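Contents: one structure, followed by commentary.
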Amino acid sequence: MTEPLLKVRGLKIGATIYPPGEKSREIEIVHGVDFDLAPGKVLGLIGESGAGKSTIGLASMAYGRGGVEITGGTVEVNGRDILSSGLRDVRRLRGAEVTYVSQSAAASFNPAKQIMEQVTEAAIFQNKFSKKEAEERAVELFRKLGLPDPENIGSRYPHQVSGGQLQRCMTALALCPQPDLVVFDEPTTALDVTTQIDVLAAIKEAIRDTGVAALYITHDLAVVAQVSDHIMVLQQGATVEYGTTDQIINHPKEDYTKALVSVRSIQHEEKQPTETPVLRVEGITARYKGTNFDVLKNINVELHPGQTLAVVGESGSGKSTLARVITGLLPPSSGKITFDGRELTPDLPTRPLEDLRELQMIYQMADTAMNPRQTVGTIIGRPLEFYFGLKGAEKQKRIQELLDEIELGDGFQDRYPAELSGGQKQRVCIARALAAKPKLIICDEVTSALDPLVADGILKLLLNLQKIEDVAYLFITHDLATVRAIADSIAVMFQGEVVRYGPKSQVLSPPFDDYTDLLLSSVPEMKLGWLEEVIANRKMESAGN
Amino acid sequence: MRIPISALIGLFFTGLFFVMAIIAPLIAPYGMAEVVGDVWEAPSDKFLLGTDSIGRDLLSRMIYGGQTTIFIATAATILSFVTGSVLGFFAAVSGGWVDQVISRFVDLIMSIPSLIFALVVLSVMPTTIPILIILMGLLDSTRVYRLARAVAVDITVMDYVEAARLRGEKIGWIIFRETLPNALSPLVAEMGLRFIFMVLFVSTLSFLGLGVQPPQADWGGIVKENKEGINYGISAALYPAYAIAILCISINLVADWVLNRTTSLKGGRG
Amino acid sequence: MHPIVKLVAQRLALGLLLLFAASILIFAGTSILPGDVAQQILGQAATPEALENLRRELGLNEPAVTRYFSWLGGILQGDLGTALTNGRDIAESLSSRLSNTLFLAFWAAVIAVPLAIFLGLLAVRYKDRWPDKIISGVTLTTISIPEFMIGYVLIYWVSIKWGMFSSVAIINDSMTLGQKLNAIAIPVMVLTLVVLAHMMRMTRAAILNVMQSAYIETAELKGLGMLKIIRKHAFPNAIAPIVNVVMLNLAYLVVGVVVVEVVFAYPGMGQYLVDHVSKRDVPVVQACGLIFAAVYIGLNLIADIVSILANPRLRHPK
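Protein chains in written order, with the working numbering: chain B, 2 to 546; chain X, 84 to 353; chain R, 44 to 361.
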């Protein structure tokens, strides 16, 4: 067996935290992790937020972000223990033997310098290549990574290229010095779904062609399954399971891994449309004040009582604007909206209270959707008081019922939002919407800021509640897997238009239009070799390129 | 809740100065304008800080002067705060042309340095205490306006404010229940800084002879009256400097603490 | 046209507009406020004839708009009017005083700006350690003391107790540069202390902001040394915020000069202004006010334009 390139033993990482009003203290965030990485191989590190995966990745460069410090264990690169070597040696390692690709290329590129200078900087500084060689190499990498105009893109500034392109440039930056190991830290997470796949494919190809080893860090098991040879599942700073990609995906041993593998596999039977829709959107066209193009162009959709209409699209498709029009925050320039048989007035202030009550909204960021100065009891209690005039014991009783419905139970009434986890916050927002006894709830990307397992829990809860309360959902999302899980009908939006609309079974069966095909093919599947298959069968280029 | 030692020191001295200002006539050994000794007598048992340029007890003048300075600064701060934050919130919540008109006007006032503007106005107005308070308060309210508006705009774009509007809440609820509780801490911290600025401002005006008029004592005026003494090595004019420095540093320490608490409140209950 | 040229032109136009509006405000501040200017100038004991004469002299019987435009027209031709108190031409009296003021402010800036940037860097380099704490403690103190008091504290200690430098800063044209510098040594120290604190604090914040960017981490992970990171990655992005800080504080310096001149009996514009405010000499106050406002607006304008020029997004549009 060849000597491992990267050998990590008993790695412990601590951080200093500064709780408000208290003395700072040390906590351990990674509790003894072991793994090996052979030359040219890819190891996927997977876990939810707080699992310590990025921290472990950076430890392979002997780097701690913020107050993070490596407190124990050894990290060997090419047989040298990098934790016990001095700063001078570590600096020779960084940017030469080990390089790094961050989640946000947009922030990681210096806005004041041309891309080429930044891509070649490490290679030249570390005396790996001359300036000329490094630039030739960079152009070669740009070409390999599928960037347009590879000869000249280097002379542009970071803000002059798109997010997907910049992420590829970041990969070129990492590969340019011909390192032995690249740490990829969620390189595709910030990108649009359709762009993500192209960048992922480009990264995979570049890894294969250059024979570099990689640590690939992500929260998405389906993504990591496409690029890695081995996978390590982490939870709260400890290893849960470590094995080959095939073993983890197809034969997971631990419950936690099994849960991750089976995520996004909720099944939902499609309901048939009823006689009268609860919401009918007819010929809606809208634009923002001071702009001269329509963000929504002649939108026509219907939603039936107790059912779910999923509005799918990428950022900029106009799907969130549709929600603003329906809620009355943005009056449309033409078209009308019928809700529960009556026509809604175009702007919010003129709507009767009853319309406001029956149409509720849940937001993507539960953090900013709740007033940090109000307790959970006040947040949920306000609609009860405001719409139904409930007070005292009666209100308390109803609040508790709602808390039970969202599976939070006792003791949550007096807590503040900051004391809740991400999933709990979103549940409270759901309860606040339900408190109004609405006929329709608009859910704007309600699961996209959450970890996959937590998101699954929220989707299950929403489906359950729909059965009990008979409420309709207008579900806005970019994630087709979510749509599959909960929708009855689907509207696919692209550049302000609905390009495909109908019952779920119909929208999701061929023949597809090009955009729906692109979107559908961009949802990572939990199976090996999926990526190659998709790229080979694509009809349309993604817009982010 | 633990109060850091620096904030405790700040609170102690701030409190001490305010109490002294309130009970000034009770603790001052002599009258404010009473000539009790020789010119610039050295500190002694009789005159703890010595006497001033015309033989008044310097300690008594310092105590009364503190009262005047603190009173004017407090009144001007309140005026500046009420005007600035009401207009700021109003502009932020109204938006549109109302916001534009008020904001551009404030930009204009701020394009002239406060002191220069005050001097221009004082060249035609009588220098009485009410006029000083109104002038200082209104000039400074531009700064409060900017902060209040910025804080309120930050908050009004929050989803929870939108949620309240979608619920159909009235503007009163949105301002007092959703916006204000979250804006209060930065505003309170700013209030400390504005107060310091007011103390410095009124002292400067009095020093220039355009603020509080003699025989009324105030810290800036005491410096003006005794500045000649400096050339003979008499430090009478320096006492107000020490007093102002101690007061301002104390308030700074308290304001720092309030600001830190603000950030921590986002992460937990108050 | 390159968008950056357009933006800069817009800013310049806006600056002129602001100056124009400021002139209205200054004029209005001295003309439309309650109270009769003539009465204020002459006091309660004035005879009706004297009041009437002064009103005519000031043009108070004309409508305010007419007076404003004749005032503005005069200024545009370099005629600032004549002082009420001594009948001298204001422009003439001002020119030597303005150059004295600029001389003082210039030397304060020459010392304060590099010192503030150096101390700011030092505080960032030793963030949260003792050099940072000492610097922030000292700056907190100087921020909390009015300029004139720093002045007297320095006079008391440096000039009287230690016998260094003169406590009055009187300069005239027959003095050599060395003599002049000796005369203004203490006022320059005061002004330096006054702006240093603000400038240092803001520089520190601006540099820290840049140093915490993700692209600095990228540079660190390339194995670059600290000095190289600062020189190649931090500096180009820190120029605009630092220039901004410097300009804002120079504007602050302009105000500080007024008080410091009075303390040291320095023959500059600030003292001239304060003198004539007490004498209620409205034309002088208007002229000085406008010049101070123009300097202030001008410095802020430079800060704005530098930010535009230094912004890579604007310099290299898509």
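Using N, Cα and C, we set each Cβ at its ideal position, and we do this for glycine too.
What you are looking at is a predicted structure, and each value in this text was computed from that prediction instead of being measured.
Considering Cα atoms alone, identify which of the options is closest to residue i.
i	options	result
E190 of chain R	X:V207, X:F290 and X:E308	X:F290
G72 of chain R	R:R99, R:Y111 and R:T128	R:Y111
D37 of chain B	B:G11, B:G317 and B:R26	B:G11
Q227 of chain B	B:Q236, B:D256 and B:Q197	B:Q197
S268 of chain X	X:D135, X:D140, X:R226 and X:L342	X:L342
S256 of chain R	B:N111, B:A450 and B:I536	B:N111
L119 of chain R	R:V156, R:F63 and R:V306	R:F63
T517 of chain B	B:L529, B:P504 and B:L481	B:L481
I317 of chain X	X:L288, X:S89 and X:W123	X:W123
S105 of chain B	B:R169, B:Y502, B:A124 and B:R539	B:R169
R539 of chain B	B:R501, B:K114, B:D199 and B:G41	B:D199
F163 of chain X	X:I105, X:L276, X:C331 and X:A328	As written in the sequence, residue 163 of chain X is Ser, which differs from the Phe given in the question. Among X:I105, X:L276, X:C331 and X:A328, the Cα nearest to that of S163 of chain X is on X:L276.
I363 of chain B	B:S449, B:R265, B:E98 and B:P504	B:S449
M290 of chain R	R:V349, R:G311, R:G332 and R:G299	R:V349
V305 of chain R	R:V233, R:I250 and R:R356	R:V233
D607 of chain B	B:D90, B:L451 and B:R81	Since the first residue shown for chain B is 2 and the last is 546, residue 607 of chain B is missing from the structure and cannot be characterised.
DSSP puts residue i in a beta bridge; with which residues?
i	result
G244 of chain B	B:I232
H32 of chain B	B:K13
T75 of chain B	B:R10
A473 of chain B	B:L441
S490 of chain B	B:L310 and B:P504
V118 of chain X	X:R139
F146 of chain R	DSSP output for F146 of chain R lists no bridge partner at all.
Q255 of chain R	None, per the DSSP bridge assignment.
I82 of chain B	The sequence as given places Asp at residue 82 of chain B; Ile does not occur at that position. Its beta-bridge partners are B:E77.
Can you give me the Cβ contacts of residue i inside the same chain, cut-off strictly under 8 Å, excluding the 5 residues immediately before and after it?
i	result
E344 of chain B	K337 and I338
I259 of chain R	V253, I272, H276 and A277
V285 of chain X	T152, I155, A156, A159, L215, M219, G294, V295, D301 and G303
W256 of chain X	A247
R54 of chain R	L344, D347, I348 and I351
For residue i, which residues of its own chain have a beta-carbon under 7 Å away from its beta-carbon, when the five flanking residues on both sides are left out?
i	result
Y339 of chain R	A294 and V297
A60 of chain B	L12, I14, I71 and V76
E95 of chain R	none
L330 of chain B	L349
P274 of chain B	H305
D35 of chain B	V9, R10 and G11
A173 of chain B	V120, A139, L142, F143 and L146
A111 of chain X	S143, I146 and Y147
G545 of chain B	Since pLDDT at G545 of chain B reaches only 47, below the 50 mark, its modelled position is unreliable, and no value is offered.
A262 of chain R	I272 and H276
Residues in the same chain with beta-carbon distance under 6 Å from residue i, minus the five sequence neighbours each way, listed in chain order, please.
i	result
M208 of chain X	I214
Y474 of chain B	T309, I442 and C444
V183 of chain B	T100, A175, V213 and A215
H231 of chain B	L44 and T245
V271 of chain X	V341
P453 of chain B	V264
Complete runs of the alpha helix (DSSP H) confined to the region 290-339 of chain B [at least 4 residues]: 320-328
Segment contact flag, the region 139-158 of chain X with the region 194-202 of chain X, C-beta cutoff 8 Å, min 3 pairs: Segments in contact, no.
Validate contact between the region 312-332 of chain R and the region 260-274 of chain R using beta carbons, cut 8 Å, 3 pairs: no
Whole runs of the alpha helix (DSSP H) within the region 102-147 of chain B, excluding any shorter than 4 residues: 106-109, 116-126 and 132-145
Touching by the beta-carbon criterion (3+ pairs, under 8 Å), the region 230-244 of chain X and the region 300-314 of chain X: no
Unbroken stretches of the alpha helix (DSSP H), 4 residues or longer, contained in the region 193-231 of chain R: 220-226
Segments of 4+ residues assigned as alpha helix (DSSP H) that fall wholly inside the region 298-322 of chain X: 302-313
Complete beta strand (DSSP E) runs within the region 36-72 of chain B (minimum length 3 residues, chain order): 43-47
Contact the region 232-240 of chain B vs the region 43-50 of chain B: 3+ CB pairs below 8 Å: Because the criterion of three Cβ pairs below 8 Å is met, the region 232-240 of chain B and the region 43-50 of chain B touch.
Given 8 Å, three or more beta-carbon pairs between the region 360-373 of chain B and the region 422-435 of chain B: Contact holds: three or more Cβ-Cβ distances are below 8 Å.
Stretch-stretch touch, CB-based, cutoff 8 Å, three pairs: the region 316-324 of chain R with the region 121-138 of chain R: yes
Contact the region 239-250 of chain R vs the region 194-203 of chain R: 3+ CB pairs below 8 Å: no
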